[in-house]
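Taking it in order: structure first as structure tokens, then the write-up.
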Amino acid sequence: MNKNSTNKQIEKIASLFDVEGSIAAIESYGSGHINDTFYLKNVDTTLPDYLLQRINHTIFKDVPALMQNVKTVTEHLREKLAKIEGSDPEKEVLTIIPLKNGQLYYQDEHGNYWRMYLFLKDTHCYDLVENEAQAYSAGQAFGKFQSLLSDLDAALLADTIPNFHNIEKRLERFQAAIDADIMDRKKEVIAEIDFLNERRGAMNAVLKLGQGGRLPLRVTHNDTKFNNVLLDKNDRVQCIIDLDTVMPGYVAYDFGDAIRTIINKAPEDEKDLEKVKLNIPFFEAYTKGYLQEAAGFLTELEIKSLMLGVLLIPYMQAVRFLTDYLEGDVYYKIGF
Ligand code: ADP
Ligand code: GN1
Ligand code: MG
28 MNKNSTNKQI EKIASLFDVE GSIAAIESYG SGHINDTFYL KNVDTTLPDY LLQRINHTIF
88 KDVPALMQNV KTVTEHLREK LAKIEGSDPE KEVLTIIPLK NGQLYYQDEH GNYWRMYLFL
148 KDTHCYDLVE NEAQAYSAGQ AFGKFQSLLS DLDAALLADT IPNFHNIEKR LERFQAAIDA
208 DIMDRKKEVI AEIDFLNERR GAMNAVLKLG QGGRLPLRVT HNDTKFNNVL LDKNDRVQCI
268 IDLDTVMPGY VAYDFGDAIR TIINKAPEDE KDLEKVKLNI PFFEAYTKGY LQEAAGFLTE
328 LEIKSLMLGV LLIPYMQAVR FLTDYLEGDV YYKIGF
């Protein structure tokens, strides 16, 4: 589809939502791997701008449940923040813009699902952390996010992607992809497969502690990349975004995924592995910020489990990306 007809379609869909004013411009937005995001600029600059997203329903199979999770979590955060002096829930929490008929999403004639958020003006996000202050405030932001949600019963949320961080299931699928080798790519990645297989044994510690009832299931974010933290124009954290995977989980997973992106000096898809170096001061800064907000509600064992998450999540990401390569790039949008 060309740009004009896509824009016409977006305009038509946007008009179904409860927006103020009218749309002046539409831009494709962001660098996510899963959804398609469009920025909608208002004609009247004093009125809000919006973000329209097409939700990838091949991956998120129950969009109504996903949107209900986002509603439950954002309402809870909003209520909690409203009681904290100096907080501005409008700016610090995502706001769902419903359809004019009150529904949380629109399903088009092709079966695609669309939802809209209020666009938070004068914000930006980075793929890479640039300094310790950013690492520290990202830690604070995810710690505060979990802390504000620590009194929300995780059982109220649906599992938007069942077994999302279950390493045993991920490894089963990895093995199935190796066995099927439908793209005939296995021969190119034998060394990588061996590398991952040699380390399998050490990777199920969090899962075992959880299954044994020793770690509580909490409301966790499950996609704690640094680029899911919106910063304001002074580079201060404003809002945690990308709530599609908010569901019951273990805090070690969120900690591990955040550290994965925060301490890497190179982008996650850097081809030159010489550039992939660890930044330990950023690790320390994130941990300080995180524990400052989270230590109050975490159990002792959860605090100990954080390091297990740091070992596990980069490994699990490698398993997931390599599985997708073997399956023919069916899950992630890839850039090359
Ligand atoms: P994806 O799942 O594709 O990563 P995100 O929900 O993270 O999608 O959104 C993509 C990009 O859009 C983000 O990286 C951020 O730059 C921007 N963004 C998301 N939500 C908002 C918002 N409410 N206000 C302003 N920018 C936003
Ligand atoms: C995907 O959509 P995005 O880019 O925020 C993925 C995450 C991975 C991430 C790796 C639903 O997130 O789990 O950590 O790519 N999201 C889903 O960059 O699978
Ligand atoms: Mg994102």
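Mapping to our numbering: the sequence shown position 250 is 277, numbers consecutive.
No residue lacks a Cβ here, since even glycine has one placed at the ideal position from N, Cα and C.
Does the Cβ of residue i lie closer than 7 Å to at least one heavy atom of the ligand ADP?
i: I37; result: no
i: G362; result: no
i: N62; result: yes
i: G276; result: no
i: T150; result: yes
i: F172; result: no
i: I268; result: yes
i: L147; result: yes
i: L386; result: A question about residue 386 goes unanswered here, because the residues of the chain that appear run from 28 up to 363.
i: L121; result: yes
Can you find the residues in the same chain that come closer than 8 Å, C-beta to C-beta, to residue i, ignoring five residues on each side of it along the sequence?
i: V70; result: G48, S49, I50, A51
i: K11; result: Summary: the structure shown does not reach residue 11, with the chain confined to residues 28 through 363, and so no result is reported for it.
Excluding the five sequence neighbours on either side, which residues of its own chain have a C-beta within less than 7 Å of the C-beta of residue i, listed in chain order?
i: A181; result: L244, R245, V246, P275
i: L234; result: N193, I194, E195
i: V90; result: I82, H84, Y132, Y140
i: E320; result: Q167, G170, K171, S174
Determine which residues share a DSSP beta bridge with residue i and list them.
i: G276; result: R245
i: W266; result: It is Cys, not Trp, that sits at residue 266 in the sequence shown. Answer is L257, bridged to C266.
i: A52; result: K68
i: F44; result: L126
i: M143; result: L79, I124
i: H151; result: L258
i: Q134; result: Y140
i: N291; result: L305
I need the boundaries of the alpha helix (DSSP H) containing residue i, first residue and last residue.
i: V90; result: 90-109
i: Q24; result: Look at the range of the chain in this structure, 28 to 363, and you will see that residue 24 is not part of it.
i: Y313; result: 307-321
i: L78; result: Counting along the chain, L78 falls outside any alpha helix (DSSP H), though it belongs to the beta strand (DSSP E) covering 77-82.
i: I61; result: That residue, I61, is in no alpha helix (DSSP H); it is neither H nor E in DSSP.
i: K171; result: 159-175
i: K360; result: Unbroken run through K360: none, as it is neither H nor E.
i: A182; result: Here A182 belongs to no alpha helix (DSSP H), and DSSP marks it neither H nor E.
i: P189; result: Note, P189: premise wrong, no alpha helix (DSSP H); not H, not E.
Give the single residue among the options whose Cα lies nearest to the Cα of residue i.
i: A41; options: W141, K118, H60, P116; result: W141
i: I290; options: Y280, Y277, K304; result: K304
i: R241; options: E112, L108, T326, H60; result: T326
i: K88; options: T251, T187, I307, L79; result: T187
i: E295; options: A160, P341, T314; result: P341
i: E199; options: A168, N224, L176, Y280; result: N224
i: D271; options: R227, A321, E54, M94; result: M94
i: L333; options: S32, L318, A345, N128; result: L318
i: N254; options: D284, K360, A232, L74; result: D284
i: K252; options: N190, A165, G362; result: A165
i: E119; options: T314, L175, I86; result: L175
i: D281; options: M210, K298, T33, F172; result: F172
i: P116; options: E102, D299, N128; result: E102
Examine the ligand MG and report whether any of its heavy atoms sits within less than 7 Å of the Cβ of residue i.
i: N255; result: yes
i: D154; result: no
i: D281; result: no
Under the criterion of a Cβ to heavy atom distance below 7 Å, does residue i qualify as lining the ligand GN1?
i: Q80; result: no
i: I205; result: no
i: N96; result: no
i: E295; result: yes
i: G59; result: yes
i: K252; result: yes
i: M186; result: Correcting the residue type first, residue 186 is Asp in the shown sequence and not Met. No; taking the cut-off as 7 Å, the Cβ of D186 has no heavy atom of the ligand GN1 nearer than that.
i: I86; result: yes
i: T272; result: yes
Taking Cβ positions only, does residue i come closer than 8 Å to chain D?
i: L270; result: Absent here is chain D; the protein component of the structure consists of one chain.
Less than 6 Å between C-beta atoms, sequence neighbours within five positions excluded: which residues of the same chain meet that for residue i?
i: Y358; result: D351
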